[in-house]
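Visitor: Encoded as structure tokens, here's the structure I'll be asking about.
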Amino acid sequence: MIDPRPGVSSTEEISLDELQLAARNHGMPLEALRYDVTPIGMHYLLTHFDIPNADAATWTVEVGGRVERPLVLGMDDLRARPFVTTVVTMECAGNGRARLHPRPVSQPWLSEAVGTAEWTGTPLRPILQEAGLEADAVEIVFTGADHGIQGDAEQDYERSLGVAEALRDDVLLAFEINGQPLPPQHGFPVRLLVPGWYGMTSVKWLTRMTAVTEPFEGYQMDAYRLRQREGEPGTPVTRMQPRALMIPPGFPEFLTRVRIVDAGRVLLQGRAWSGVAPIERVECSTDGGASWAGATLGPMPPSLYAWRSWTFGWDATPGEHELAARATDGTGSTQPVDQPWNHHGLSNNMVQRVPVRVR
Ligand SMILES: Nc1nc2c(c(=O)[nH]1)N[C@H]1C(S)=C(S)[C@@H](COP(=O)(O)O)O[C@H]1N2
Ligand SMILES: [Mo]
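Quick note, the sequence shown lines up with residues 20 to 378 if you use our numbering.
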């Protein structure tokens, strides 16, 4: 199929450029869905440019722009502030992209660009209040120390957040993950954490926060919009849409990763999350999505923004099967069974399908 649109692949083959991104930016092995909190090295990772060489002793976070009292905070200042620890599920907005047809050319995620961590940090709101936002400030621009070129624009990685969202009491400047200092790849020494939103908003290697009077239009704002074609205005990508994933049952065949399962009772297990509203329902299908039945939800998660476990009993009969799972959140929003295609393959929560051979 030849697709004339720029930025989408006209072949089914993953290119070496995409493989290069995939080798740097790894997903979470799906068997790690068994953990409430993802072990650090198994949490997904996405870095657009290079991991900066950061020295905590000299690191500063500047607070400037439309504020009454500009601040310069070192890591000792940040660590001396009140801190909280919270369990948050984070997912890349491009998760699922590589299963779209035609395929948007970027980091080729299948469905594993997710992880749940126990983040420790200091709340952002009191810092912004100390700096004193001017009345005409509408957004805060968060700048990372990493630098590169994307879409012809040379840039530091930068994303903004509206003032109301930035002042939410669960937004943190995080300096620890799972009880340890952030490792280099997750934003050492400090990153923004915006629970509920797709990962692009949680700026790593944070160096600057700038209050601005107009919506910020930097590259990473323009890139995260839902549009069918380049050039359309589109709508911004914000919170994580509901998604359920299952631990692929049985054991895999090395190359294809098709699952081999013994006939009989099989307990399917997984996690579900939404950044919009709590998970209300998870359903499973064992016939490729033709019919669905309710899964059993596990205990309430430790925070509003942590994934919830689920289980589903399946009487596996010999033959080839396709398993699927889908989540519904408290707004009634359910995962689509057909692809919700958009130009960069963002915010795409098509159901996961797991081919299984029962013997
Ligand atoms: N400075 C900076 N922050 C960043 C990024 C980046 O490339 N640079 N990537 C973003 C994206 S797209 C995602 S999905 C998350 C990934 O966070 P993680 O690598 O800690 O899982 O970080 C976000 N924050
Ligand atoms: Mo991302």
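Quick reminder that beta carbons are idealized off the backbone N, C-alpha and C, glycines included.
1) Closer than 6 Å to a non-hydrogen atom of ligand 1 - does that hold for the CB of Trp216?
2) Taking the beta strand (DSSP E) that Val133 falls in, what are its first and last residues?
3) Note down the Cα distance separating Glu50 from Thr232, rounded to an integer number of angstroms.
4) For Arg13, which of helix, strand or coil comes out of DSSP?
5) Comparing C-alpha positions only, which one of Asp241, Arg187, Thr353 and Val373 sits nearest to Gly289?
6) Taking 6 Å as the cut-off, does the CB of Asp165 come closer than this to any heavy atom belonging to ligand 1?
7) Considering only heavy atoms of ligand 1, does any lie closer than 6 Å to the CB of Ser221?
8) Return the CA-CA distance between Arg210 and Ala193, expressed in angstroms with no decimal places.
9) In whole angstroms, what separates the C-alpha of Glu37 from that of Pro127?
10) For Val356, which of Asp306, Pro101 and Arg248 has the nearest alpha-carbon?
11) What's the gap between the Cα of Trp138 and the Cα of Gly308?
12) Put Met20 into one of helix, strand or coil per three-state DSSP.
13) Helix, strand or coil, according to DSSP, for Thr77 in the structure here?
14) Say yes only if the C-beta of Trp128 is nearer than 6 Å to one or more non-hydrogen atoms of ligand 1, and no if none qualify.
15) May I ask you to check if the CB of Thr66 is nearer than 6 Å to at least one heavy atom of ligand 1?
16) To the nearest angstrom, how far is it from the Cα of Ala185 to the Cα of Pro261?
17) Do the stretch 197-205 and the stretch 135-151 touch if we need at least three Cβ pairs shorter than 8 Å?
18) Any chance you could list the alpha helix (DSSP H) runs of at least 4 consecutive residues sitting entirely within the stretch 143-195, in chain order?
19) Mind checking whether the beta-carbon of Cys303 lies closer than 6 Å to any heavy atom of ligand 1?
20) Check the DSSP bridge columns for Leu225 and list the partner residues they point to.
21) Where Ser328 and Pro318 are concerned, what is the direct C-alpha to C-alpha distance, given to the nearest angstrom?
22) Hey, is Ala117 close to ligand 2, as in C-beta under 6 Å from one of its heavy atoms?
23) In three-state DSSP terms, what is Ala41?
24) Measuring straight from C-alpha to C-alpha, what distance separates Arg378 and Pro271?
25) Are Ala282 and Gly349 closer than 7 Å when you measure CB to CB?
Guide: The answer reads as follows:
1) no
2) Val133 to Pro142
3) About 45 Å.
4) Nothing about residue 13 can be read from this structure; the chain reaches only from 20 to 378.
5) Val373
6) yes
7) yes
8) 5 Å
9) 6 Å
10) Asp306
11) 36 Å
12) Bear in mind that a pLDDT of 45 at Met20, under 50, signals an unreliable position, so the model cannot answer this.
13) coil
14) Every heavy atom of ligand 1 is 6 Å or more from the Cβ of Trp128, so no.
15) yes
16) 23 Å
17) yes
18) 143-150 and 182-185
19) no
20) BP columns for Leu225 point to Gly163.
21) 7 Å
22) no
23) helix
24) Going by the C-alpha atoms only, they are around 13 Å apart.
25) no
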